[in-house]
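S.K.: Be aware that the sequence shown starts at 733, since it is given in my numbering, and climbs by one per residue.
Got a structure for you, questions after.
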Amino acid sequence: MANICFYFRFKEIKDKLNITWNENKTVSFMFKKTYYFDVERSVRQLNDSICTINAVPLTVSYKSKNFGFWSKKMISLGLSSISSVYVKKTAGEILFDGYEEPILSTLSNFPMLNVEDKFGIFYGVSISHPKNSTNILYARPESNVTLNVPSLLRAPRKEVLTSFWQLTWRHEAEKRGV
């Protein structure tokens with residue numbers, strides 16, 4: 733484990749928004765998580781090219797594993813004609829910016845499916861977009877101000893180092909031209 737390398741590092745900043753004291757002796761608030769790329773602690777840059785398994789057809793095939801024979805056959809034909817098993821994109825596209833995927837472009841034409849037109853691990857929920865989750869804390873009936881909740885009383889901004897992709901370097905290799 734001596735050669736572990738964290739290629740991409742990010743700073744996570746959590747902010748509490750809409751802190752509200754409710755009449756039923758509860759406190760509700762929302763978290764906004766913002767991620768910033770840490771250039772100094774990252775080994776690689778977000779514009780580096782990465783070849784990885786294409787998660788979109790993988791997800792579609794997994795979701796269809798219990799479908800009937802003909803449904804699976806149609807999905808298999810569709811996947812083999814419009815999508816690739818591997819994708820080569822920049823780290824920024826895979827993580828945050830998203831990249832166009834033919835399957836998603838087709839599915840996004842059907843509004844009832846509520847499908848994004850791009851795929852990225854944090855596409856649409858990161859950087860400047862808050863991941864809204866409401867948290868409700870119950871206060872003691874004898875006090876409507878004092879709470880023994882460390883996360884609410886903590887300083888509003890805290891940097892947390894988040895790392896993605898823990899890899900061990902062995903040697904340079906080429907697989908199928910990549």
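Glycine residues also receive a C-beta, built at the ideal position from the N, C-alpha and C atoms.
Note that the coordinates shown come from a computational prediction; the quantities given were computed from them, not determined experimentally.
For phenylalanine 851, is the classification buried or exposed, using 16 other Cβ atoms within 10 angstroms of its Cβ as the cut-off for buried?
M.R.: Numbered from its first residue, the sequence shown carries residue 851 at position 119. Buried is the call here.
S.K.: Spatial neighbours of serine 774 within its chain, please: CB distance less than 6 Å, with the 5 preceding and 5 following residues excluded, ordered by chain position.
M.R.: Here the question's residue 774 lines up with position 42 in the sequence shown. Phe740 and Arg741.
S.K.: Between which two residues does the alpha helix (DSSP H) harbouring valine 788 extend?
M.R.: As a working note, residue 788 is residue 56 in the sequence shown. Unbroken alpha helix (DSSP H) run through valine 788: 787 to 795.
S.K.: Once you ignore the five residues that flank serine 913 on each side, which residues in its own chain have a CB closer than 8 Å to its CB?
M.R.: The structure shown has nothing for residue 913, since the chain only spans 733 to 910.
S.K.: Do we get a CB-CB distance below 8 Å when we pair isoleucine 745 with the residues of chain C?
M.R.: The structure shown contains no chain C; it holds only a single protein chain.
S.K.: Tell me whether aspartate 747 sits in a helix, a strand or coil according to DSSP, three-state version.
M.R.: The sequence position of residue 747 within the sequence shown is 15, counting from 1. It is a strand residue.
S.K.: Just reading off the alpha helix (DSSP H) that phenylalanine 801 is part of, what are its end residues?
M.R.: By one-based count along the sequence shown, residue 801 stands at place 69. Segment 801 to 814, the alpha helix (DSSP H) holding phenylalanine 801.
S.K.: Ignore the nearest five residues each way along the sequence and tell me which others in asparagine 798's own chain have a CB closer than 7 Å to its CB.
M.R.: The residue you call residue 798 lines up with position 66 of the sequence shown. Taken in chain order, the list of residues that qualify is empty.
S.K.: Would you call phenylalanine 828 buried or exposed, if buried means 16 or more other Cβ atoms sit within 10 Å of its Cβ?
M.R.: Here residue 828 refers to the residue found at position 96 of the sequence shown. It is buried - the Cβ of phenylalanine 828 has at least 16 other Cβ atoms within 10 Å.
S.K.: Taking the C-alpha atoms as reference points, what is the distance between isoleucine 785 and tyrosine 794?
M.R.: Here residue 785 is taken as the residue at index 53 of the sequence shown, counted from 1. Here residue 794 is taken as the residue at index 62 of the sequence shown, counted from 1. When rounded, the distance between both Cα atoms is 14 Å.
S.K.: Based on Cα-Cα distance, which residue from Asn841, Lys764, Leu749 and Ala823 lies nearest to isoleucine 678?
M.R.: No information on residue 678 is available, as it lies outside the stretch 733 to 910 that the chain covers here.
S.K.: Report the rounded CA-to-CA distance for arginine 776 versus proline 834, giving the unit in angstroms.
M.R.: For the purposes of this step, residue 776 is taken as residue 44 along the sequence shown, with counting starting at 1. For the purposes of this step, residue 834 is taken as residue 102 along the sequence shown, with counting starting at 1. Cα to Cα, arginine 776 sits roughly 28 Å from proline 834.
S.K.: When you compare only the Cα positions, how much space is there between lysine 805 and aspartate 747?
M.R.: On the sequence shown, residue 805 is found 73 positions in, with the first residue counted as 1. On the sequence shown, residue 747 is found 15 positions in, with the first residue counted as 1. Lysine 805 and aspartate 747: Cα-Cα distance of roughly 47 Å.
S.K.: At what residues does the alpha helix (DSSP H) containing serine 837 begin and finish?
M.R.: Taking the sequence shown and counting its residues from 1, one reaches residue 837 at position 105. Start and end: 834 to 839.
S.K.: Are the beta-carbon atoms belonging to isoleucine 745 and phenylalanine 761 less than 8 Å from one another?
M.R.: Residue mapping note: residue 745 aligns to position 13 of the sequence shown, counting from 1. Residue mapping note: residue 761 aligns to position 29 of the sequence shown, counting from 1. Against a cut-off of 8 Å, the Cβ pair of phenylalanine 761 and isoleucine 745 comes out as no contact.
S.K.: Based on DSSP bridge pairs, tell me the residues matched to serine 781.
M.R.: On the sequence shown, position 49 is the one that residue 781 refers to. Answer by DSSP bridge pairing, in chain order: Thr822.
S.K.: Quick check on DSSP: helix, strand or coil for phenylalanine 854?
M.R.: Looking up residue 854 in the sequence shown gives position 122. Here phenylalanine 854 sits in coil by DSSP.
S.K.: Anyone know if the C-beta pair for isoleucine 782 and lysine 743 falls short of 8 Å?
M.R.: For the purposes of this step, residue 782 is taken as residue 50 along the sequence shown, with counting starting at 1. For the purposes of this step, residue 743 is taken as residue 11 along the sequence shown, with counting starting at 1. Contact: no.
S.K.: Proline 789 and valine 771: beta carbons closer than 8 Å?
M.R.: Along the sequence shown, one-based indexing puts residue 789 at 57. Along the sequence shown, one-based indexing puts residue 771 at 39. Not a contact, by the Cβ cut-off of 8 Å.
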